[in-house]
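Reading through the structure tokens given below for one structure.
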Amino acid sequence: MLMRYAGLRISEVPNIYVVDITVDPAKSDMSKDKKIPLVKVHHPDKGFAPDEWRKKYNRPDARRAEYLMTEYGMLPRNNRNSPKSLYTGWKNPVLIPNQNYMIAYFNNTQAAEMFLIYWQLYLKYQAPKNQSHPFAFSNLKDGNPLSYKAIEDGLKRAVERVGLISSKSEGTTPHGLRHLYKDDLKKMNLSSHIIQSVMHHRSIHSQEEYALPSHEEINAEMDKAENKISAFMETKEKLNLLKGAL
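Residue numbers 68 to 313, in my numbering, belong to the letters of the sequence shown in order.
Right, here's the structure in full:
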């Protein structure tokens, strides 16, 4: 769901920590039991270590490379000296300046809510207890961090299980899912600037400098676009009902 509805690359998903997935207070409405996730994707080694760890050891500027080595004896997963099963690479996406993380923007509110439900169920029933790493997604057999290959293979099996073909052109591979996400953004009539920002692309025109839209501006534009689509679909459904009644 993070690749299909939030456009994350396959190299980004396995670098997410458990603590990087929270409830977004700005988009959630607890009175209506509406909970929207806030997923941050930090740079594998230059991203800040988790808040609690930095506070505990009075290390406000500590990075994830130090945290991984100190707590788990692990190298960052973008380090080529990492074990083959742990290496993920990193595509150098645009990150929030001075923070070294990016936010995963869901293009569909229902998908976002469903992801959070699945995430909470995963933590309760499937995630290994007392796992020896901080990563959000684990191999259920041995409890090790989920590998790049395991994500590829798991998606391929799931696609074929429902009778589809695993193919980039069909949008059923990790990169194909990212293309579907981009297609959805275009259908929402979002500006190229917003699309570039939510996909964390560097500018196509390297000579041009753009001011990045804020998190609030991106959310507002995506919510407005989604509301327009929802209103259109509701109108279309009502028209179909009227036609059926004639």
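Think of the CB as a built atom: it goes at the ideal place given N, C-alpha and C, for glycine as much as any other residue.
Just so it is clear, the structure is predicted and the values come from calculations on it, not from any experiment.
Through-space distance from residue j to residue i, alpha-carbon basis
{"i": "residue 295", "j": "residue 253", "result": "14 Å"}
{"i": "residue 141", "j": "residue 292", "result": "42 Å"}
{"i": "residue 143", "j": "residue 94", "result": "31 Å"}
{"i": "residue 175", "j": "residue 225", "result": "21 Å"}
{"i": "residue 266", "j": "residue 92", "result": "22 Å"}
{"i": "residue 86", "j": "residue 119", "result": "10 Å"}
{"i": "residue 147", "j": "residue 223", "result": "26 Å"}
{"i": "residue 134", "j": "residue 99", "result": "38 Å"}
{"i": "residue 299", "j": "residue 290", "result": "Here residue 299 scores only 45 on pLDDT, less than 50, and its place in the model is too uncertain to base an answer on."}
{"i": "residue 219", "j": "residue 197", "result": "26 Å"}
{"i": "residue 251", "j": "residue 172", "result": "12 Å"}
{"i": "residue 132", "j": "residue 221", "result": "28 Å"}
{"i": "residue 159", "j": "residue 189", "result": "29 Å"}
{"i": "residue 259", "j": "residue 246", "result": "15 Å"}
Contacts around residue i, its chain only, beta-carbon distance under 7 Å, and the 5 residues preceding and following it disregarded
{"i": "residue 130", "result": "112, 113, 114, 115 and 116"}
{"i": "residue 88", "result": "104, 106, 186 and 203"}
{"i": "residue 195", "result": "205 and 210"}
{"i": "residue 261", "result": "280, 285 and 288"}
{"i": "residue 239", "result": "226, 231, 232 and 233"}
{"i": "residue 138", "result": "none"}
{"i": "residue 163", "result": "169"}
Neighbourhood of residue i by C-beta distance below 8 Å, restricted to the same chain and skipping five residues each side
{"i": "residue 215", "result": "77, 78, 81, 154, 155 and 156"}
{"i": "residue 264", "result": "161, 279, 280 and 285"}
{"i": "residue 227", "result": "233"}
{"i": "residue 319", "result": "The shown model of the chain, from 68 to 313, leaves out residue 319, and the question about it has no answer."}
{"i": "residue 236", "result": "243"}
Neighbour-count burial assignment, residue i, 16 or more Cβ in a 10 Å radius
{"i": "residue 166", "result": "exposed"}
{"i": "residue 232", "result": "exposed"}
{"i": "residue 145", "result": "buried"}
{"i": "residue 287", "result": "exposed"}
{"i": "residue 274", "result": "Reliability fails at residue 274, whose pLDDT of 28 lies under 50, so the model's placement of it is uncertain and the value that follows must be treated cautiously. Exposed: under 16 other Cβ atoms inside 10 Å."}
{"i": "residue 242", "result": "exposed"}
{"i": "residue 136", "result": "exposed"}
{"i": "residue 257", "result": "buried"}
{"i": "residue 97", "result": "exposed"}
{"i": "residue 212", "result": "buried"}
Distance between beta carbons of residue j and residue i, contact taken as under 8 Å
{"i": "residue 244", "j": "residue 71", "result": "4 Å"}
{"i": "residue 74", "j": "residue 248", "result": "4 Å"}
{"i": "residue 107", "j": "residue 168", "result": "5 Å"}
{"i": "residue 201", "j": "residue 84", "result": "5 Å"}
{"i": "residue 178", "j": "residue 255", "result": "Incorrect: roughly 13 Å between the Cβ atoms, too far for contact."}
{"i": "residue 39", "j": "residue 282", "result": "Shown here, the chain extends from 68 to 313; a query on residue 39 therefore has no answer."}
Three-state secondary structure (DSSP) of residue i
{"i": "residue 314", "result": "The requested residue 314 is not part of the displayed model; the chain covers only 68 to 313."}
{"i": "residue 260", "result": "helix"}
{"i": "residue 290", "result": "helix"}
{"i": "residue 169", "result": "strand"}
{"i": "residue 87", "result": "helix"}
{"i": "residue 253", "result": "helix"}
{"i": "residue 191", "result": "helix"}
{"i": "residue 109", "result": "strand"}
{"i": "residue 100", "result": "coil"}
Same chain, Cβ closer than 6 Å to residue i, neighbours up to 5 away in sequence not counted
{"i": "residue 152", "result": "214"}
8 Å Cβ cutoff, residue i in contact with chain B
{"i": "residue 287", "result": "Absent from the structure is chain B; it holds one protein chain and no more."}
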